[in-house]
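Note sheet for the following structure.
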Amino acid sequence: MKIKKILVSQPQPTSEKSPYFDLAEKYGVDIVFRPFIKVEGLPAKEFRQQKVNIADFTAIVFTAKTAVDHFFRLCEETRVTIPVTLKYFCSSEMVANYLQKYIVYRKRKIFASKSGRLIDLMPTMLKHKTEKYLVVVSDVNNGEDTKLLADNKLDVTSAAMYRTVSNDFAPDEPFDYDMLVFFSPQGIESLLKNFPDFKQGDIAIAALGSAAAKSVKDAGLRLDIEAPSPEAPSMPVAIDHYLAKSNGLPE
Numbered sequence: 173m174k175i176k177k178i179l180v181s182q183p184q185p186t187s188e189k190s191p192y193f194d195l196a197e198k199y200g201v202d203i204v205f206r207p208f209i210k211v212e213g214l215p216a217k218e219f220r221q222q223k224v225n226i227a228d229f230t231a232i233v234f235t236a237k238t239a240v241d242h243f244f245r246l247c248e249e250t251r252v253t254i255p256v257t258l259k260y261f262c263s264s265e266m267v268a269n270y271l272q273k274y275i276v277y278r279k280r281k282i283f284a285s286k287s288g289r290l291i292d293l294m295p296t297m298l299k300h301k302t303e304k305y306l307v308v309v310s311d312v313n314n315g316e317d318t319k320l321l322a323d324n325k326l327d328v329t330s331a332a333m334y335r336t337v338s339n340d341f342a343p344d345e346p347f348d349y350d351m352l353v354f355f356s357p358q359g360i361e362s363l364l365k366n367f368p369d370f371k372q373g374d375i376a377i378a379a380l381g382s383a384a385a386k387s388v389k390d391a392g393l394r395l396d397i398e399a400p401s402p403e404a405p406s407m408p409v410a411i412d413h414y415l416a417k418s419n420g421l422p423e
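Per the numbering used here, the sequence shown starts with residue 173, numbered consecutively.
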């Protein structure tokens with residue numbers, strides 16, 4: 173089946189240099205950016221119920237830009253003064269660079285995984301074994317990152333600072349896609365919530381990360397595209413390979 177219309181379940185990129193726009197032009201496909209889920213910050217009152225005092229920690233662990241936003245939001249709302257000595261450990265260079273939105277980058281101690289995986293930052297974190305680590309997570313976090321640090325004998329606590337909720341479709345909103353691209357298990361849950369009688373048929377489904385891929389399979393759906401992989405380190409590259417085959421064009 174030739175792919176003509178793709179739903180990417182993320183907000184539309186702010187940069188015109190997004191590889192998704194390159195794919196749309198290369199293959200003549202219509203790419204629609206429409207999140208299945210949306211993020212809501214936990215109110216300060218609800219955050220305080222976790223009995224976590226941000227000021228007690230000397231190092232913060234971020235695995236997403238969303239976590240960065242809500243950490244600094246809650247610091248402001250709870251009137252926590254962030255010391256210049258605070259260390260930041262980020263699961264990717266993209267997340268680390270995003271910190272510039274809130275702090276003077278060159279004046280802080282910031283560490284980032286070059287692979288995009290927190291486990292590859294572990295050697296650096298073990299050089300800072302005396303730090304008290306706070307992992308910023310969502311309310312549906314599976315605890316893997318916190319467990320990883322704890323298993324390596326680091327002093328670690330996790331705190332939920334935001335939640336994900338279904339971004340429901342309007343009754344008259346069209347759903348005529350040839351491919352659906354997901355980035356989290358919550359996206360799959362939202363699909364089935366919005367369309368309880370969903371039949372996949374010829375619709376291709378793509379998933380980024382093992383958790384999202386597992387959710388697709390657990391829902392009894394067919395997983396056509398999975399990233400990252402040795403051949404496709406990112407979702408746009410994985411889609412590129414798939415479109416080249418299905419649309420009969422060179423990669």
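Glycine included, C-beta positions come from ideal geometry on N, C-alpha and C.
Residues V211, E212, G213, L214, T238, H242 and S310 of the same chain have their beta carbon placed closer than 7 Å to that of Y334, with the five preceding and five following residues left out of the count. From the listed residues N419, L290 and Y192, the smallest Cα separation to D317 is found for L290. In the three-state scheme derived from DSSP, where H, G and I count as helix and E and B as strand, Y274 is classed as coil. Taking 8 Å as the upper bound for CB-CB distance, I411 and A384 are not in contact here, some 14 Å apart.
Per DSSP, Y414 is one residue of the alpha helix (DSSP H) stretching across M407 to S418. Two segments are said to touch when three or more pairs of C-beta atoms, one from each, lie closer than 8 Å; by this definition the stretch 188 to 208 does not touch the stretch 219 to 239. The three-state secondary structure of A236, taken from DSSP, is coil. Relative to the Cα of S263, the nearest Cα in the group E249, K177 and L321 belongs to L321. Burial check for P357: the Cβ neighbour count within 10 Å reaches 16 or more, so the residue is buried. By DSSP's assignment, E398 forms a beta bridge with A379.
Residues of the same chain with a CB within less than 6 Å of the CB of M173, apart from the 5 flanking positions on each side, are D374 in chain order.
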